[in-house]
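**Student:**
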Amino acid sequence: MEQDQGGKLSAGASALIWFGAAVSVAEILTGMLFAPLGWRMGLLAVAVGHVIGGVLFYLAGLIGAQTGRSAMETVQLSFGRRGSLLFAAANVVQLVGWTAIMIFTGAQAVAALTAGWSGAQAGWCIIIGMLILLWLRIGMRNFSKINVVSMSTLFLLTLWLSFQVASGEPAAAVQQSEAMSFGLAVELAAVMPLSWLPLVSDYTRRAAKARPATLAATLAYFCTSSWMYAIGLAAALFAGQSEIAPMLQYAGLGAAGIVVVVLSTVSTTFLDAYSAGVSAHAISGRLGEMAVAAGVTLLGVLLALLFDVGRFEAFLYFIGSVFAPMIAVQIADYFVLKRAPAAGAVDWVSLALWLAGFVFYRKMLEWQPPLGTTLPVIAATFALTVLVRKLLAAAKSGGAAAAGPHGN
Numbered sequence: 002m003e004q005d006q007g008g009k010l011s012a013g014a015s016a017l018i019w020f021g022a023a024v025s026v027a028e029i030l031t032g033m034l035f036a037p038l039g040w041r042m043g044l045l046a047v048a049v050g051h052v053i054g055g056v057l058f059y060l061a062g063l064i065g066a067q068t069g070r071s072a073m074e075t076v077q078l079s080f081g082r083r084g085s086l087l088f089a090a091a092n093v094v095q096l097v098g099w100t101a102i103m104i105f106t107g108a109q110a111v112a113a114l115t116a117g118w119s120g121a122q123a124g125w126c127i128i129i130g131m132l133i134l135l136w137l138r139i140g141m142r143n144f145s146k147i148n149v150v151s152m153s154t155l156f157l158l159t160l161w162l163s164f165q166v167a168s169g170e171p172a173a174a175v176q177q178s179e180a181m182s183f184g185l186a187v188e189l190a191a192v193m194p195l196s197w198l199p200l201v202s203d204y205t206r207r208a209a210k211a212r213p214a215t216l217a218a219t220l221a222y223f224c225t226s227s228w229m230y231a232i233g234l235a236a237a238l239f240a241g242q243s244e245i246a247p248m249l250q251y252a253g254l255g256a257a258g259i260v261v262v263v264l265s266t267v268s269t270t271f272l273d274a275y276s277a278g279v280s281a282h283a284i285s286g287r288l289g290e291m292a293v294a295a296g297v298t299l300l301g302v303l304l305a306l307l308f309d310v311g312r313f314e315a316f317l318y319f320i321g322s323v324f325a326p327m328i329a330v331q332i333a334d335y336f337v338l339k340r341a342p343a344a345g346a347v348d349w350v351s352l353a354l355w356l357a358g359f360v361f362y363r364k365m366l367e368w369q370p371p372l373g374t375t376l377p378v379i380a381a382t383f384a385l386t387v388l389v390r391k392l393l394a395a396a397k398s399g400g401a402a403a404a405g406p407h408g409n
């Protein structure tokens, strides 16, 4: 499960990275929101949403693995060099947001487990930030060995947590004041893997073998993220918990609970900070990847110290509205139309197609379709892209044919 001598990632190393990305407090907290649906319907919503997001995750990662390009470099294929800057900037913003959210929720959970320490949350924000900087200092080339140790520990502790949380009685369930539709739950499950689309290729581009490494990454994230959602759902329904710290205490994870929260927060947020650096470098070659990643980590710590960023459902929907239509255009271009890289600095047709998908996504959120918003938006944007590109190609070839007899 090591990297090879050329710095390439094996399928096992890719799986470890994405297992660590999926084990997070944020995913458990999101799973708790599914409690109004009950156990069976809640799990079904988790599964459907993750299948939708997982397919997109695989396709996005495969583009990077096959081309050897970072995530924002793959966006250039469809939108042009300058056209991709919109998404690179949006990605940096969302990754700063995720860094702050992860540090805040992680520190909040650990602080609740160490309530006797005055100023615990602020202290843990700083500690978690320092550990993320350490992870960045280790770097991708030396990441596998420490990741094997940390992920093995995390896996064992998560197994214990799952067993303890699921051993309660349904009668102990927390009463939820707000109902949630099945479609909205599916969307909340889909947008978590969707949030990784603008950075998955930052890691799959290093794959030793494109398809196996991308598939391993996808399955690792799909299974583990679904597992985290299920833990959160079980905690709400069977353990009667709606917050992460009481859930860990309920499971008997005192000091071990701190290890779970800190390790999961650091292993996930490291990927956010690192990819913010990669996206910033795509905006300007003068911006060093690691320097920006360190800056994003420090900014995330500062935001976590100054603001309450613990509620993030609206943030997830914003991510979906930006990146779902983006990947639909990319999938159509790369896998179906097999277009050459966009000519010129900006591909205005691709940007117009994305904008149509963005507006459609925002409208679909109001309608709450039964299978969530992402699936119909992806399908519609994909179909529109194929149709428009074929019509443009037909018009161009027809115009060339008409002009032929009047040439030289």
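Counting along the sequence shown from 1, when you hit position 310 you're at 311 in the working numbering, and nothing is skipped either side.
No residue lacks a Cβ here, since even glycine has one placed at the ideal position from N, Cα and C.
(1) Who are the near neighbours of leucine 38 in its chain, counting only those whose CB is closer than 7 Å to its CB and skipping five residues on each side?
(2) Compute the distance between the beta-carbons of alanine 101 and isoleucine 129, then report whether it is under 8 Å.
(3) Given glutamine 176, which residues of its chain have a CB within under 6 Å of its CB, disregarding the five upstream and five downstream residues?
(4) Using 8 Å as the threshold, is the segment 264–274 in touch with the segment 83–90, meaning 3 or more CB pairs across them?
(5) What separation, rounded to the nearest whole angstrom, lies between the Cα atoms of leucine 160 and histidine 282?
(6) With distances taken from CA atoms, which of Phe324, Pro370, Arg83 is nearest glycine 358?
(7) Comparing alpha-carbon positions, which option in Val389, Tyr335, Val94, Thr225 lies nearest leucine 63?
(8) Where leucine 356 and tyrosine 362 are concerned, what is the direct C-alpha to C-alpha distance, given to the nearest angstrom?
(9) Contact check, serine 351 vs alanine 343 under 8 Å by CB: the rounded distance?
(10) Given 8 Å as the limit, is there contact between the segment 203–221 and the segment 13–22, that is, 3 or more CB pairs closer than that?
(11) Taking the alpha carbon of leucine 303 as the reference point, which residue from Thr374, Ala22, Gly98 has its own alpha carbon closest?
(12) Quick check on DSSP: helix, strand or coil for alanine 208?
(13) Just to confirm the assignment, what range does the alpha helix (DSSP H) spanning methionine 327 have?
(14) Specify, as a first and last residue, the run of the alpha helix (DSSP H) that lysine 364 falls within.
(15) Cutting at 6 Å between CB atoms, please list the residues of its own chain near cysteine 126, excluding the five before and the five after it.
(16) Using only CA atoms, which one of Ala27, Ala23, Gln250, Lys9 lies nearest to valine 310?
(17) Assuming threonine 225 and phenylalanine 20 are in contact, meaning their beta carbons sit under 8 Å apart, how far apart are those beta carbons, in whole angstroms?
(18) Would you identify the three-state DSSP class for proline 37, choosing helix, strand or coil?
(19) Along the chain, where does the alpha helix (DSSP H) containing methionine 193 start, and where does it finish?
**Tutor:** Reading it off the structure:
(1) Result list for leucine 38: Ala46, Met181, Phe183, Ala186, in chain order.
(2) Not in contact: alanine 101 and isoleucine 129 (Cβ atoms no closer than 8 Å).
(3) Per-residue confidence for glutamine 176 stands at a pLDDT of 47, beneath the threshold of 50, marking its modelled position as unreliable; the derived number appears in the next sentence. So the list is empty, once near-sequence residues are dropped.
(4) At 8 Å Cβ cutoff, the stretches do not touch.
(5) Whole-angstrom Cα-Cα distance: 38 Å.
(6) Proximity to glycine 358 across Phe324, Pro370, Arg83 peaks at Phe324, based on C-alpha coordinates.
(7) Checked all of Val389, Tyr335, Val94, Thr225; the closest Cα to leucine 63 is Tyr335.
(8) Straight-line Cα distance between these residues: approximately 10 Å.
(9) Contact flag correct, Cβ pair sits at about 7 Å.
(10) Flag = yes, the segment 203–221 and the segment 13–22 touch.
(11) When only C-alpha atoms are compared, the closest one is Gly98.
(12) In the structure shown, alanine 208 adopts extended strand secondary structure according to DSSP, grouped into three states.
(13) Judged by DSSP secondary structure, methionine 327 falls within the alpha helix (DSSP H) whose first and last residues are 314–332.
(14) It spans 349–368 - the alpha helix (DSSP H) in which lysine 364 sits, taken as one unbroken run.
(15) Residues of the same chain with a CB within less than 6 Å of the CB of cysteine 126, apart from the 5 flanking positions on each side, are Ile104, Ala108, Val302, Ala305, Leu306 in chain order.
(16) Nearest C-alpha to valine 310: Ala27.
(17) With 8 Å as the limit, threonine 225 and phenylalanine 20 qualify as a contact, their Cβ atoms being about 5 Å apart.
(18) Here proline 37 carries a helix assignment [DSSP, helix/strand/coil].
(19) First-last of the alpha helix (DSSP H) with methionine 193: 183–195.
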